[in-house]
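A.B. asks: Quick one: the structure is below, questions incoming.
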Amino acid sequence: MNTAQAMMAGMEAEARTDDVTDQFLTFVLAGEHYGVDILRVQEIRGWSQVTHIPNTPEYIHGVLNLRGTIVPIVDLRMRFGIERIANSRTTVIVVLRVTQGERQRTIGLVVDAVSDVCNVGDSERKPAPDFGASAQTEFISGMAAIDDKMVILLDVDRLFHSDELAVVDAAAGSRRSG
Amino acid sequence: MTIDLAQFHEMFFQESAEALDTMEQTLLQITEGTVEKEQIDTIFRVAHSIKGGSATFGFTGIASFTHTIETLLDLVRTGRIGITPNEMDLLLRSVDVMREMLSAEQYKRPLDEQAVADLQDSVKAVIARSSGAAPTPVPAPAAVEPGSSVPVPAAPAPAAAPGAERWRIGFRPGENLLARGNDPLRIFRELSRLGEMSVRVDAAGLPPLAQLDPHRCYLNWNLELAGPREREALDQVFDWIGDDADIRIDAPVIDAPVTPAAPRAEGSAVAPKPAPEPMPAAAAQPAPVAPAAVKAPETRAAGGEAPKAAPSESTSIRVSIEKIDELINTVGELVITQSMLSQLMVNMDGPQSEELRNGLGHLERQMRALQESVMRVRMLPISFVFNRFPRMVRDLSQKLGKKVELRMTGEQTELDKTVLEKIGDPLVHLVRNSIDHGIETVEGRRVVGKPEAGTIHLNAYHKGGNIIVEVIDDGAGLNRERILAKARERGLIGPDEELSDDRIYNLIFQPGFSTAEQVTDVSGRGVGMDVVRRNIMELGGNVQIFSNADHGSTVRIRLPLTLAILDGQLVRVGREVYVIPLVSIVETIQIRREQINSVAGGRAELLRLREECIPILRLYQLFEVEADTTELDDGLLTIVESDGQRMGIFVDELQAQQQVVIKSLETNFRQLTGISGATMLGDGRVALILDVPGLISLFESREKQARDDRQAAVRHAA
């Protein structure tokens, strides 16, 4: 089979897989696999020194200069209540575009490592299990089994929406009055 | 054809607002009695284009109102009424009303319909008076018989000699001609100025009355115009109509001696004149009046209302502020990249390093030039703010019965648009104050031997990277004794305390401070000067006041040229670098242990410095970072001031002083107390810019909380 035929076959195979597929960027955090909608990912960059921001929750790692804009960096381990570890060679920052109300913002996530880009069809996508009140699940948009791995699909907009984690608190309660 | 006109609304509102500004300014330039043709044409053009635009977009209220104004202006234009203070007042008020109507449409706000109607009525009254015997012009639907041709003899048109060329013009307007605010009658009038003209109406297209839509134009006209005119003159008249009509201009035929421009109505077909036919301006200018409109044809340019007349059209373009900001951003990035390269070069050796270094040197200079010119794009002359004052001074001095002359200099001084927008209100306040408190009454001035009219001088100029704006009046000056008395009464100073003049004058910036004996609706409520000062401080500037009894006072405002760049002092605390705005720094000193007083059991520290006690803020504590040292005599203390309040910020080290490009933290994050923004350092790292007033209030609230906690602990223990 020549190359062109192989390509055709590959494309057909892809077309057959599912009617509606979304692509997800998956990454690893403390051994677990997570996925975010790839259309929200602006870029992936190596870890670099951030500037500490005073008087912010611990999971706000700091801010970074991303080609002229100041981007807040969130330590996802801290955000999920997982113990912080030293940065390794695979530690990266996934830069996402997040919609909050009418505003678009850019936010970086520190994760242990990125792994892959996966197609997830509607049929493979399972709703998030109900953990009861003990766990926050509103930022989980679903689960998907990919190659024997369970991938937790994140809704990035909600990840930064819940009250206690109002990273991008539009009201900015601390705004000075005068 | 249906186009979504809404997409043009924004542009219409913007242009109308600017046009109204022009109208107002032009009105104010008119000195009583003598109206320059140029001026009235400008004003007329504004009214006309707003009318046209609003009719197009279906803002019928505005269209109707501007139509009335236009009628009045037309009377002025034709010399039938002069501009007396009364008309001036009406026109100025009309500008306000039109502004309000436009913003009501723009922001979907409620409108005071009554006020609009009242003003419109008084304008109509003026029109009616001047028209004298002529039928009430507005609205007079049946005033014009479209059937009767309008014989408009251009009385002295010298060109219309016997044997002249005659243009034949077929004018077939589209149905929407009227709805777009065009008025055939005015076109005819304009044409009649070019030479002798006869008009014939073709009413064949007129539907039965029952089916008639009064907003549509069903009539066609055939015109004959004598006079060897340039074709261009004709085109100019029709220019305004654009694509709304089918206009056919036939080459002139050489005619035998002129046939008198007798009415040649195609009578019978049109005789049953449909009553509701609106013909907006035609109604306003009834046919019998028309001849009068051409009294002085030579003095008028044919294309008086053609948009081409605006001379500055091609010299500027309208660009959205986002595009400019994007450009500024990119240039800012370039500057950082360039400085990174320069830093790399420092440790570079080799045969070609010298050339590279030269190249980088060039790059640096060019970058700086580029950055400067990009910044200048955002700059606008301060006249944008100054222009509102002639009107204000006029109104206010009338109201207070004072005579005030306004002088403005340095209107072309440029500053950043953002600063410009925020400086308006404080300046309004200062000018109001000057008129109300500063300038004396006419009698008062006569008594002290000053000219009856007081002078307020607005002055702007650049000085060392800042812009200085001064409000100077030649009034009575600040009353030193009264301010002192008031301050004692309010307990701001001790009963026996003596202050320097400077400090006394500064007292008027205290919240709630007013020495006005009477609270008027102009000023005197004591909200004001403190707000003025706060607004200016928020822009990173400061305000000073000088006064000379009986000779007047001067308020001097110093502002940064732009909010995009800041002169900063870099300070280091541990691994972090912060930027303190230079304008808030008083001095930086090394201190000795014995200068420090500990109070409240060592929880608060005060520095004794030249008879003053300054609280010390340990930045590493407040920001929870690791510092090199926690010993006060090992580091440095940067004394900052805000609102007259001083504080010492304890840092490890001072670094360079430099201009930094301010970046917002809010874009992707949120606002933080004590931090006004961030900037990029030469190595690409982010440094936070400290906001001194915020820092002070943050520090104080922390201190207070600590105090409360301690008290609670004490109570608990007890």
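For the protein sequence lines, the chains are B and X, in the order given.
For the first sequence, position 39 (counting from the first letter as 1) is numbered 54 according to this note's numbering, and the numbering increases by one without interruption.
For the second sequence, position 406 (counting from the first letter as 1) is numbered 419 according to this note's numbering, and the numbering increases by one without interruption.
All residues carry an ideal CB built from backbone N, CA and C; glycine is no exception.
#1: Kindly indicate the opening and closing residues of the beta strand (DSSP E) around Q668 (chain X).
#2: Output the distance between the C-alpha atoms of A730 (chain X) and R723 (chain X), rounded to the nearest integer angstrom.
#3: Run through the segment 631–718 of chain X for me and flag every whole beta strand (DSSP E) of 3 or more residues, listed as ranges in chain order.
#4: Does any C-beta atom of chain B lie closer than 7 Å to the C-beta of K336 (chain X)?
#5: Of the choices X:Q384, X:V108 and X:G66, whose alpha-carbon is the least far from that of I56 (chain X)?
#6: Would M693 (chain X) pass as an interface residue toward chain B - the criterion being a Cβ-Cβ separation below 7 Å?
#7: How would you call P142 (chain B), buried or exposed, if buried means at least 16 neighbouring beta carbons within 10 angstroms?
#8: Whole-angstrom Cβ separation of L40 (chain B) and V51 (chain B), contact assumed at under 8 Å?
#9: What residue does the alpha helix (DSSP H) around T84 (chain X) start on, and which one ends it?
#10: What is the DSSP secondary structure of Y518 (chain X), counted as helix, strand or coil?
#11: Note down, in chain order, every chain X residue with its Cβ under 8 Å from the Cβ of R60 (chain B).
#12: Cα separation between A382 (chain X) and Q672 (chain X)?
#13: Is it the case that the Cβ atoms of T66 (chain B) and V699 (chain X) are separated by a distance below 7 Å?
#14: By the three-class DSSP mapping on this structure, what secondary structure does A294 (chain X) have?
#15: From the DSSP secondary-structure annotation, give me the bridge partner or partners of N561 (chain X).
#16: Once DSSP output is grouped into helix, strand and coil, what is the label at L168 (chain B)?
#17: Please report the straight-line C-alpha distance between G71 (chain X) and S77 (chain X), rounded to a whole angstrom.
#18: What's the C-alpha gap between M693 (chain X) and L678 (chain X)?
#19: Please tell me whether P87 (chain B) has its Cβ less than 7 Å away from any Cβ of chain X.
#20: Comparing alpha-carbon positions, which option in X:N681, X:I609, X:A246 and X:F251 lies nearest D196 (chain X)?
#21: Compute the Euclidean distance between the alpha carbons of I652 (chain X) and V348 (chain X), then round it to the nearest angstrom.
#22: Tell me the DSSP bridge mates of D263 (chain X)?
#23: In the DSSP assignment, what residue or residues form a beta bridge with L419 (chain X)?
#24: Decide if R58 (chain X) is buried, meaning its Cβ has at least 16 other Cβ atoms within 10 Å, or exposed.
#25: Contact criterion: CB-CB distance below 7 Å. Does V699 (chain X) meet it with respect to chain B?
#26: Assign T44 (chain X) to one of two classes, buried (16 or more other C-beta atoms within 10 Å of its C-beta) or exposed (fewer than that).
#27: Cα-Cα, which of X:S116, X:D125, X:T47 and X:E126 is closest to V89 (chain X)?
#28: Would V171 (chain B) count as contacting chain X if we go by Cβ distances under 7 Å?
#29: Buried or exposed: P706 (chain X), going by 16 or more other Cβ atoms within 10 Å of its Cβ?
#30: Would you report the Cα separation of R94 (chain B) and M542 (chain X), rounded to the nearest angstrom?
#31: Within 7 Å of any Cβ in chain X, is that where the Cβ of V56 (chain B) sits?
#32: Going by Cα to Cα distance, which pick from X:I578, X:I481 and X:S29 is closest to M111 (chain X)?
#33: Using the Cα positions of E624 (chain X) and G695 (chain X), report the straight-line distance between them to the nearest angstrom.
#34: List in chain order: all unbroken alpha helix (DSSP H) runs of 4+ residues lying wholly within the segment 115–164 of chain B.
#35: Pull up the distance between the alpha-carbon of E456 (chain X) and that of D131 (chain X), whole angstroms please.
#36: CA-CA distance, T575 (chain X) and I330 (chain X)?
C.D. replies: Taking the definition as stated:
#1: It spans E666 to V674 - the beta strand (DSSP E) in which Q668 (chain X) sits, taken as one unbroken run.
#2: Rounded to the nearest angstrom, the two C-alpha atoms are 10 Å apart.
#3: If you keep only unbroken beta strand (DSSP E) runs of at least 3 residues inside the segment 631–718 of chain X, you get 649–655, 658–664, 666–674, 688–693 and 699–703.
#4: So, not an interface residue.
#5: Minimum Cα distance to I56 (chain X) is reached at X:V108.
#6: It does; some Cβ of chain B falls within 7 Å.
#7: P142 (chain B) comes out exposed.
#8: About 6 Å separates the two Cβ atoms, so the contact holds.
#9: T73 to R90 is the extent of the alpha helix (DSSP H) around T84 (chain X).
#10: Here DSSP, grouped into helix, strand and coil, assigns Y518 (chain X) to helix.
#11: The premise fails here: R60 (chain B) is roughly 13 Å from chain X at the closest Cβ pair, so nothing lies under 8 Å.
#12: A direct Cα-Cα distance of roughly 15 Å separates A382 (chain X) from Q672 (chain X).
#13: Cβ atoms of T66 (chain B) and V699 (chain X): closer than 7 Å.
#14: For A294 (chain X), the predicted structure reports a pLDDT of 42, less than 50, and the residue's modelled location is therefore unreliable. A value from the coordinates is still provided. Of the three classes helix, strand and coil, the one that applies to A294 (chain X) here is helix, per DSSP.
#15: Partner(s): X:G565.
#16: L168 (chain B): strand per DSSP, three-state reduction.
#17: Between the alpha carbons of G71 (chain X) and S77 (chain X) lies a gap of roughly 11 Å.
#18: So the two alpha carbons sit approximately 12 Å from each other.
#19: Yes, its Cβ sits closer than 7 Å to a Cβ of chain X.
#20: It is X:F251 whose Cα lies nearest to the Cα of D196 (chain X).
#21: Distance between the alpha carbons of I652 (chain X) and V348 (chain X): 31 Å.
#22: Beta-bridge pairing by DSSP links D263 (chain X) to X:R181.
#23: Note: L419 (chain X) is bridge-paired with X:I469 in the DSSP secondary-structure output.
#24: Label assigned to R58 (chain X): buried.
#25: Interface with chain B (7 Å Cβ-Cβ cutoff): V699 (chain X) is included.
#26: Per the 10 Å Cβ criterion, exposed.
#27: Considering only alpha carbons, the answer is X:T47.
#28: Among the CB atoms of chain X, none fall inside 7 Å of the CB of V171 (chain B).
#29: It counts as buried.
#30: Rounded to whole angstroms, R94 (chain B) to M542 (chain X) spans 47 Å at the Cα level.
#31: Answer no: the Cβ-Cβ gap between V56 (chain B) and chain X never drops below 7 Å.
#32: Of the candidates X:I578, X:I481 and X:S29, X:S29 places its Cα closest to the Cα of M111 (chain X).
#33: Each residue's alpha carbon lies about 40 Å from the other.
#34: Here no run is fully enclosed.
#35: Per the coordinates, the alpha-carbon of E456 (chain X) lies some 36 Å from the alpha-carbon of D131 (chain X).
#36: Roughly 22 Å between the two C-alpha positions.
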